[in-house]
Amino acid sequence: MTSERYNAREAEPKWRGVWEQKGLFDTRNDDPRPKYYVLEMFPYPSGRIHMGHVRNYAMGDVVARYKRARGFNVLHPMGWDAFGMPAENAAMANKTHPAAWTYANIATMRDQLKSMGLSLDWKREIATCDPSYYKHQQRMFLDFLEAGLIDRKTAKVNWDPVDRTVLANEQVIDGRGWRSGALVEQRELTQWFFKISDHAQDLLDALDGLDRWPEKVRTMQKNWIGRSEGLKVRFALDPATVPGGEGELEIYTTRPDTLFGAKFMALAPDHPLARAAAAKNPALAAFIDECKRMGTAQEAIDRAEKKGFDTGIRAVHPFDPSWTLPVYVANFILMDYGTGAIFGCPAHDQRDLDFVNAYGLGVRPVVCPEGTEPSTFTVTDVAYDGEGRMINSRFLDGMTPAEAREEVAKRLETETLNGRPVGERKVNFRLRDWGISRQRYWGCPIPVIHCDACGVVPVPKSDLPVKLPDDVTFDVPGNPLDRHPSWRNVPCPRCAKPARRETDTMDTFVDSSWYFARFTDPWNEADPTDPATADAWLPVDQYIGGIEHAILHLLYSRFFMRAMRRTGHAGIDEPFAGLFTQGMVVHETYRTADGSWVSPAEIRILSEGGERRAQLLATGEPVTIGSIEKMSKSKRNTVDPDDIIGSYGADTARWFMLSDSPPERDVIWTEEGVQGAARFTQRMWRLVNDIAVLPRAAPAAYGPAALAMRKAAHRALIRTEEDVERLRFNRCVAHVYELANALQAAIGAQETACPDDLAAALREAADILVAIVAPIMPHLAEECRSALGHATLAAETPWPVADRSLVVEDEITLPVQVNGKKRADVTVARDADSASIEAAVLALDAVRKALEDRPVRKIIVVPQRIVNVVG
RNA sequence: GCGGGCGUGGCGGAAUUGGUAGACGCGCCGGAUUUAGGUUCCGGUGGCGAGAGUCGUGGGGGUUCGAGUCCCUCCGCCCGCACCA
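Mind the numbering: the first sequence is residues -12 to 858 in the working numbering, read in order.
This is the structure we're talking about:
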């Protein structure tokens, strides 16, 4: 009976030292055991770790430690997503260098992560801002360029006026830059693009094979890729109405079945035909200008009402030369989707309906819902986009829309205009190419040189890396590389004449698109990967991170893996076989009377008669308890992991993080919850010490109490296995509590000396308890294992072998229902047949009473489950 | 508007996937130990009822011997995408 408390502050560093000294978590590539690669999304070195990191890395560490105990060769590495804007902002604000700021943050955060007791292979640590990393990224850029995976083109791009850089479509959220929050403008710039859209179909198809990804993420990617099947249709233009002899207008539609409901054509404001018409029509030109002004901000586009301008051009209906349609320029048509032109069918498209209602162009329904009389079917304010039968559509009448689509496609494919088919089937994707050029300093330089004579010349691979110059300043806005002559001006590698380096750097999402592959062989100086080693480790078996990367990082990585395969750096397509997206850490918010936010560390919670109140620690001033929100600096509702680890220990923080809330949901951080977790560490320690003093024995047989103990232990073991495999950590925690409760009850029930059989059962149960706690609270597990007299470390102890025969009961107690309501229990032999169970059930007083003399109509016996008597 | 998810005690959540609703934790109530306790231990804790019971998983309906779980319908909340032709 020990009265000594478990001292996490002393024990935790001690055990970490032992693990490190024995190199327990260093992973060898030549280890013959089956591999398991578990990876958490690597952090941006922002300064200090936050509770979100603690949650993320605690989850990954449980998986890593569990799989290691199960005999896998586990790869569990850590690195730093170290390029990016905040380092430049810090450099501007503090007159430091981005590298100095970044590496200092890395040093701090590495220590913090180490204090969590994570079983990481630190020998594989990488930082993306290190030339030893980005050198290989530049090499792959050149390989991709050779393989035709990269394009340089002028395109309308998203320009962030605050960060003064280009953003990818994926980085524009609600029309604003994902970092700066500034309204994004559209600009024409020459940029480097990864041709991700060439892989759209493959990226879409392969989603079906990612069965260990959350359905939600797959759906989001599916929608983002945005495949649609349709028809390109070329409309002849009435020669009398065109500005400059244009003969035709090509549109894209997914609803060719509604062609007989067409009421107008519409062009994007920057469509060539619109420009040509505007050249001769000042009013139209003014309208287009107005659209463009609106168009600079994505958000304005979303809110703008439907506006159009009649160009006076008439388009000829493909099925009727005598039928012409007005051609409008409209503000809701996008130049970069389809062909930048549409035909409008108001009856069956809400947008088109709004448009004709504004311009008085009329509506003609061509699809009639089943059960509605065609002659009375009208569309006024709400477009009908459902199924039905074709009407008002000549040779299509009576068909379903699907049949009509096929019929129209068939006819238009064979019809010709100017010697080419009028219609052409076309699959369209919403996914655009990935623009990677950024006008920033703190990123991976794009390894090309611009020569007036030779054009774009790749930097010879032997000259890599193209290192960032150190001597830069951030006192003026813009890209310091642009104004660094000695770095920028270089001879052309091809003709040796004066030339200029590319001063754009790569989007930081490029850095994170292959780091998981680099971890497989981070020491390789010659190549980005050793393909055989990469293929042996990849795909990542379990990837864990936030849902915010559902599209950006995960889609880019999937593309990059394919590109690496094409260029011989790996042999697989999909980087992440299993993906888990964890929830956020949230906390109550607090405000003083004047409305300013107060941090949890500054207040005291008082509870009186079930009412919770808060007051300021310093002054006693009352504080309002507000809603539960994501931890954020602005609302000051953060809790510093250092403080928690300092006062309670890493194990308590890890334990609480994984208790209660399912890992995919948000977890509410509460002081009471942490204290509960801390209480359990002490309880576990006492329990283990109580058992450690019991005699060691090898009993010949186990009595009922000992057997019950063994059953409880093996049941907890089996359930924990199931739940760790499915990442249901909250249930794992519950199993631990249940076993601890059972152990405590068994010890408490002993009034005299503990018999040998029970002592042995308790020791076995304690070992199992330590084993199932170990992945979550690894330091405490070591201390307990040592107290129980074992010489080996918990971290290198194989997972206990569950005895499944123990959890199979000889006798089982079945609930007995009468007409669906539980009235009794019946205990029968496990393999009792239905007839004997029925007899036993009918003999029960409670059953006879519940039946109230009604005859038994039926008895349902569900083996091992339940009995229901129907009377 | 389109797509996805969710709704269970005072709170976080379990429920073997159609089979005893509320595991486990937090909180709360009572008792014991303690000079004291923000320690530890024991007991209790969905509502109503003295009790046998009875009601109960957002509301209503259905399928079934049996529904938190399946179907229909309504209500509420959350997330993602959004003029994509």
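Even glycine gets a Cβ: it sits at the ideal position worked out from N, Cα and C.
Note that the C-beta distance between A752 and A700 is below 8 Å.
The beta carbon of R652 is closer than 7 Å to those of G570 in its chain, skipping five residues each way along the sequence. Residue pairing by DSSP places G410 opposite V220 in a beta bridge. Short of 7 Å from the beta carbon of D138, and not among the five residues preceding or following it, lie these beta carbons of its own chain, in chain order: F180, K182, D420. The Cβ-Cβ distance between Y44 and L100 falls below 8 Å. DSSP links F416 through a beta bridge to R214. A straight-line Cα-Cα distance of about 13 Å links D528 and T507.
Rounded to the nearest whole angstrom, the C-alpha separation of V366 and T359 is 13 Å. Taken in chain order, the complete alpha helix (DSSP H) segments of 4 residues or longer contained in the region 128 to 213 are 187 to 192, 202 to 212. By the beta-carbon neighbour count (other beta carbons within 10 angstroms, threshold 16), S544 is buried.
Taking C-beta separations shorter than 7 Å and ignoring five residues to either side along the sequence, the partners of P526 in its chain run I559, E561, P562, F563, A564, following chain order. In the three-state reduction of the DSSP assignment, R713 falls in the coil class. As DSSP reads the structure, S424 sits in a beta bridge with M493.
Closest in alpha carbon position to L340, among G196, A747, F319, is F319. For C438, the uninterrupted beta strand (DSSP E) run begins and ends at 435 to 438, by DSSP.
Cβ atoms of P686 and A733 stay farther apart than 8 Å, at about 15 Å. Here A665 is buried. Its C-beta has 16 or more other C-beta atoms within 10 Å. Put simply, the backbone Cα of P682 is about 15 Å away from that of D754.
Distance between F306 and V159, taken at the CA atoms: about 42 Å.
With respect to L603, I615 sits apart: the two C-beta atoms are not nearer than 8 Å. Contact holds between the region 832 to 845 and the region 801 to 821, because three or more Cβ pairs, one in each stretch, are under 8 Å apart. The three-state reading of DSSP puts C355 in strand, counting E and B together. The residue from M386, S309, T492 with its alpha-carbon nearest to that of P434 is T492. Counting only residues of its own chain and dropping the five nearest sequence neighbours on each side, F29 has a CB closer than 8 Å to the CB of M65, G66, W67, D68, S499, Y502.
In the DSSP assignment, L566 falls within the unbroken beta strand (DSSP E) covering 566 to 569. Secondary structure at F70: coil, using DSSP grouped into helix, strand and coil. DSSP, reduced to helix, strand and coil, places A328 within a strand of the structure shown.
At a Cβ-Cβ threshold of 8 Å, P333 and A273 do not count as neighbours. Straight across, the Cα-Cα distance linking D840 with G858 is about 9 Å.
Under the DSSP assignment, G555 falls outside any beta strand (DSSP E); it carries neither an H nor an E label.
Per DSSP, V366 is not a residue of any beta strand (DSSP E), being assigned neither H nor E. Ranked by Cα distance from L749, the first of R623, A695, L451, E796 is A695. Ranked by Cα distance from P21, the options N60, H37, E(-1), Y(-7) are led by N60. Contact between P842 and L566 does not hold, since the beta-carbon distance rounds to 57 Å and is not under 8 Å.
Under a 10 Å Cβ-count criterion, G385 is classified as exposed, with fewer than 16 other Cβ atoms of the shown protein chains found around its own Cβ. The residue among L767, V803, H556 with its C-alpha nearest the C-alpha of L129 is H556.
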